[in-house]
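>
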Amino acid sequence: MAATTRSITVRRPVRDAARVVTDPAAVMAAVSTLGRAARTDDAADGAQQWSVFIVLGTMYMGGTVRIDHASDGVLAWHAVSGFRHSARFEAVPDGDGSTVSVTFDFLIGGAITGRLTARLVQGYVARSAEAVLEQLRHSIEFPD
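Heads up: the sequence shown is residues 51 to 194, going by my numbering.
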């Protein structure tokens with residue numbers, strides 16, 4: 051499994067950052083700037099499921115994700131269908147402000163070609179993660 055982590059400094063207290071980072075609708079709104087995201091269902095245990103598709107260069111990755119955790123400054127999901135991946139968004143204190151980070155773990159099948167493709171996709175994923183973090187930073191620093 052390949053992993054990409056990116057972080058951004060936010061000039062707001064961690065409570066403000068955590069409020070946005072743990073709101074599935076706010077995170078998915080930031081993700082949807084790169085493609086689309088729509089809430090599809092709620093699982094029997096109350097977990098939310100979303101349809102998420104992101105354009106990565108000439109590739110389109112996505113599927114259904116299940117939000118496993120959305121509290122304590124952390125939002126985490128894993129794919130239940132489609133592109134095999136998981137994501138973890140986290141807000142932590144950083145002086146007077148906070149740091150928001152995201153980690154994407156993904157798996158591309160295949161031996162040699164899978165590893166090569168994963169290295170190429172990792173660059174796209176990193177740039178996409180940075181774009182999502184910028185959207186979240188803007189939502190945190192300049193709330194409606």
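By construction, the Cβ of each residue, glycine as well, lies at the ideal position given by its N, Cα and C atoms.
What you are looking at is a predicted structure, and each value in this text was computed from that prediction instead of being measured.
1. Can you look up Asp118 in the DSSP assignment and give me helix, strand or coil?
2. Can you give me the Cβ contacts of Ala120 inside the same chain, cut-off strictly under 7 Å, excluding the 5 residues immediately before and after it?
3. Please check the pair Gly132 and Thr114, which I expect to be a contact at CB under 8 Å, by giving their CB distance rounded to whole angstroms.
4. Excluding the 5 residues flanking Asp91 on each side, which residues of the same chain have their C-beta closer than 7 Å to its C-beta?
5. Do Val81 and Ile117 have their CB atoms nearer than 8 Å?
6. Give me, in chain order, the residues of the same chain whose beta-carbon lies closer than 7 Å to that of Ile176; leave out the 5 immediate sequence neighbours on both sides.
7. Return the first residue and the last residue of the alpha helix (DSSP H) that Arg86 is part of.
8. On a Cα-Cα basis, can you pick out the residue from Ser151, Pro193, Ala88, Asp194 that is closest to Ser178?
9. Given a cut-off of 8 Å on the beta-carbon distance, is the pair Glu191 and Arg65 in contact?
10. Ends of the alpha helix (DSSP H) at Pro193?
11. CA-CA distance, Arg69 and Ala79?
12. When the distance is taken between beta carbons, is Gly147 closer than 8 Å to Thr59?
13. In whole angstroms, give me the CA-to-CA distance for Phe154 and Pro193.
Let me spell this out:
1. For the purposes of this step, residue 118 is taken as the residue at position 68 of the sequence shown. Note: Asp118 maps to strand in three-state DSSP.
2. Reading the sequence shown from its first residue, position 70 is the one you call residue 120. Thr72, Pro74.
3. Counted from its first residue, the sequence shown places residue 132 at position 82. Counted from its first residue, the sequence shown places residue 114 at position 64. The Cβ separation is near 6 Å, so the contact holds.
4. Position 41 of the sequence shown holds residue 91. So the qualifying residues of the chain are Gln99.
5. Within the sequence shown, residue 81 is the residue found at index 31, counting from 1. Within the sequence shown, residue 117 is the residue found at index 67, counting from 1. Taking 8 Å as the Cβ cut-off, Val81 and Ile117 do not qualify as a contacting pair.
6. What you label residue 176 is simply residue 126 of the sequence shown in a count that begins at 1. According to the sequence shown, residue 176 is Ala rather than Ile. The answer, listed in chain order, is Thr54, Arg56.
7. In the sequence shown, counting from the first residue as 1, residue 86 sits at position 36. No alpha helix (DSSP H) contains Arg86, which is instead part of the beta strand (DSSP E) from 85 to 92.
8. Taking the first residue of the sequence shown as 1, we reach residue 178 at position 128. Among Ser151, Pro193, Ala88, Asp194, the Cα nearest to that of Ser178 belongs to Ser151.
9. On the sequence shown, residue 191 is found 141 positions in, with the first residue counted as 1. On the sequence shown, residue 65 is found 15 positions in, with the first residue counted as 1. The answer is no: Cβ separation not under 8 Å.
10. Here residue 193 is taken as the residue at index 143 of the sequence shown, counted from 1. Pro193 -> no alpha helix (DSSP H), and no H or E assigned at all.
11. As a position in the sequence shown, residue 69 is number 19, starting the count at 1. As a position in the sequence shown, residue 79 is number 29, starting the count at 1. When rounded, the distance between both Cα atoms is 14 Å.
12. Against the sequence shown, residue 59 aligns to sequence position 9. Against the sequence shown, residue 147 aligns to sequence position 97. The answer is yes: Cβ separation under 8 Å.
13. By 1-based counting over the sequence shown, the position of residue 154 is 104. By 1-based counting over the sequence shown, the position of residue 193 is 143. For Phe154 and Pro193, the distance between alpha carbons rounds to 26 Å.
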